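Numbers given in this note's numbering equal positions in the sequence shown, counted from 1, plus 26.
Beta carbons are placed, not taken as given, at the ideal position from N, Cα and C, and that holds for glycine.
Treat the numbers as computed from the prediction; the structure is a model and nothing was measured.
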Amino acid sequence: MHDSPLESDSKFRKEHFTRSKTVLGYKAAGVLPYANIEGVPHALLGAERKRTGPNGAFTRTMWGDFGGHREASDDGDSVYTASREFSEETLGMFSSALVDPSSVADSTREMSLILRSRDAMQVRHKLKKGEYHFFVARTAYVEPLYLHLAAQLNRETGMVEGAEKTAFAWVPLGELLLAVSEAGRRYFLARRTQERARLGAPWRSRMQLHPCFASSLRLAMEMGLEAHVTATCGTTSGRVAVPRLAPQLSPAASLRAPPCGEGKAKARAARKAQPHHMTYWLQQEAVKATLAAPAAT
């Protein structure tokens, strides 16, 4: 005996709702990596253009963790979603110097192991629809210059899909937590010029943080993030090594104080002629050759 059209429609809607409710247990997932730099925990942030304002009328560069929406191939595993998104947006640089899908796959496997270990903590941030699974994990340190140049290379080749970050920066975790400690409409992290040059800097002195990222990080603070970081990298035995993957950078000579007798207009023209990231352009060609060398063999 067949069900009536009305009963069939009701049955379909009920089954569809139940199945969707299960699938939407989490909507997206991401990773905030941190490493010990010269004895101080630093978090790696990525910049991305986001729509904001009424009906998305404006676009702004916002900084946050490395995450994104779940995909059907993730099989409902938020750890895998977070690992995949992290690896795509960092272009596999935490696993290899090659900018290609194999590096992303290797990085995804390695990050999945980290997120399932004691070196990571998870926060479930409830959204209007579903949840955002936010992971904080200790990782190795990668020079920001490598990340910037890998992103530039990927824009030219398109080898890695899902790489949406436009800039990267390591920031002191303590200052980051202070910036999000109180709820607000906007969150900003001020950066000193010297730190911006050394740690992979944005071109602005203030970094606007994505509000969802700020809320997730504040939840992590309430769940004991500071104690977790202290336990994982607060002692000598637990600190993360800081390998120098790229040569130590120094300020551009042309951007230093001009000699006596040189006018302000000439100095200003010299500054405008240089790229915004004043420390990176010095050794771009050398690092580009390093990144491209394995691909040529």
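Discussion item. Mapping the DSSP letters down to three states, classify Val-66 as helix, strand or coil.
Written reply: Position 40 of the sequence shown holds residue 66. Val-66: strand per DSSP, three-state reduction.
Fill in: C-alpha distance - Leu-251 paired with His-174, whole-angstrom precision
In the sequence shown, residue 251 corresponds to position 225, counting from 1. In the sequence shown, residue 174 corresponds to position 148, counting from 1. Distance between the alpha carbons of Leu-251 and His-174: 28 Å.
Worksheet item: Short check: CB of Met-119 to CB of Val-66, under 8 Å?
Response: In the sequence shown, residue 119 corresponds to position 93, counting from 1. In the sequence shown, residue 66 corresponds to position 40, counting from 1. Against a cut-off of 8 Å, the Cβ pair of Val-66 and Met-119 comes out as no contact.
Practice prompt. Look up Arg-77 in the DSSP assignment and give the residues it is bridged to.
Written response: Along the sequence shown, one-based indexing puts residue 77 at 51. Arg-77 pairs with Thr-85.
Worksheet item: Which residue from Ser-143, Leu-245, Leu-199 puts its Cα closest to that of Thr-256?
Response: Here residue 256 refers to the residue found at position 230 of the sequence shown. With distances taken between Cα atoms, Thr-256 lies closest to Leu-199.
Discussion item. Assuming the contact rule is C-beta atoms closer than 8 Å, Gly-56 and Lys-191 should be a hit. Round their C-beta distance to whole Å, please.
Written reply: Within the sequence shown, residue 56 is the residue found at index 30, counting from 1. Within the sequence shown, residue 191 is the residue found at index 165, counting from 1. Their Cβ separation, rounded to whole angstroms, is 12 Å, which puts Gly-56 and Lys-191 out of contact at 8 Å.
Discussion item. Whole angstroms are fine: how far does the CA of Tyr-106 sit from the CA of Asp-100?
Written reply: Position 74 of the sequence shown, counted from the first residue, corresponds to residue 100. Position 80 of the sequence shown, counted from the first residue, corresponds to residue 106. Answer to the nearest angstrom: the Cα atoms are 6 Å apart.
Worksheet item: Taking only runs of the alpha helix (DSSP H) that begin and end inside the stretch 94–173, which ones reach a length of at least 4 residues, in chain order?
Response: Counting whole runs of 4 or more residues, the stretch 94–173 contains the alpha helix (DSSP H) stretches 104–115, 127–141.
Worksheet item: If Tyr-172 and Ser-242 are in contact, beta carbons under 8 Å, what's the gap, nearest whole angstrom?
Response: To locate residue 172, count along the sequence shown from 1; it is residue 146. To locate residue 242, count along the sequence shown from 1; it is residue 216. Their Cβ separation, rounded to whole angstroms, is 26 Å, which puts Tyr-172 and Ser-242 out of contact at 8 Å.
Worksheet item: What is the C-beta distance between Leu-203 and Leu-235, in whole angstroms, given that I count them as a contact (C-beta under 8 Å)?
Response: Taking the sequence shown and counting its residues from 1, the one referred to as residue 203 is at position 177. Taking the sequence shown and counting its residues from 1, the one referred to as residue 235 is at position 209. Wrong, their Cβ atoms sit about 11 Å apart, outside the cutoff.
Practice prompt. Determine the direct distance from the alpha carbon of Ala-163 to that of Arg-142, and round the result to whole angstroms.
Written response: Counted from its first residue, the sequence shown places residue 142 at position 116. Counted from its first residue, the sequence shown places residue 163 at position 137. So the alpha carbons of these two residues sit roughly 10 Å apart.
Item to complete: Within 10 angstroms of the Cβ of His-95, are there 16 or more other Cβ atoms? Answer buried if so, exposed if not.
Response: Locating residue 95 in the sequence shown gives position 69, where the first residue counts as 1. Exposed, by the Cβ-count rule.
Practice prompt. Report the partner residues of Val-197 according to the DSSP bridge assignment.
Written response: Within the sequence shown, numbered from 1, the residue matching residue 197 stands at position 171. According to DSSP, Val-197 bridges with Ala-69.
Practice prompt. Under the assumption that Ser-129 contacts Ser-122 (Cβ atoms under 8 Å), give the Cβ distance between them as a whole number of angstroms.
Written response: Here residue 129 corresponds to residue number 103 of the sequence shown, with the count starting at 1. Here residue 122 corresponds to residue number 96 of the sequence shown, with the count starting at 1. Rounded, the Cβ-Cβ distance is 4 Å, consistent with contact.
Worksheet entry | Between the CA atoms of Ala-205 and His-68 - distance to the nearest angstrom | Walking along the sequence shown from the start, residue 68 turns up at place 42. Walking along the sequence shown from the start, residue 205 turns up at place 179. The alpha-carbon atoms of His-68 and Ala-205 are separated by roughly 14 Å.
Worksheet item: Relative to the alpha-carbon of Gln-178, which residue among Val-125, Ala-131, Ser-109 has its alpha-carbon at the smallest distance?
Response: As a working mapping, residue 178 is identified with position 152 in the sequence shown. The shortest C-alpha separation from Gln-178 is found at Val-125.
Worksheet item: Taking Glu-208 as the reference, which of Gly-184, Phe-161, Met-247 has the closest Cα?
Response: By 1-based counting over the sequence shown, the position of residue 208 is 182. Residue Met-247 holds the alpha-carbon nearest to the alpha-carbon of Glu-208 among Gly-184, Phe-161, Met-247.
Worksheet entry | Closest residue to Phe-160 among Ala-166, Lys-154, Ala-146 (Cα-Cα distance) | Translated into the one-based positions of the sequence shown, residue 160 becomes position 134. Selected option, being the one with the closest Cα: Ala-146.
Item to complete: Identify, in the order they occur along the chain, each residue of the same chain with its Cβ nearer than 8 Å to the Cβ of Thr-51, setting aside the five sequence neighbours on each side.
Response: Working through the sequence shown from its first residue, we reach residue 51 at position 25. A small fix is needed here, since residue 51 is Gly in this sequence, not Thr. Cβ within range, chain order: Gly-102, Gly-156, Glu-157.
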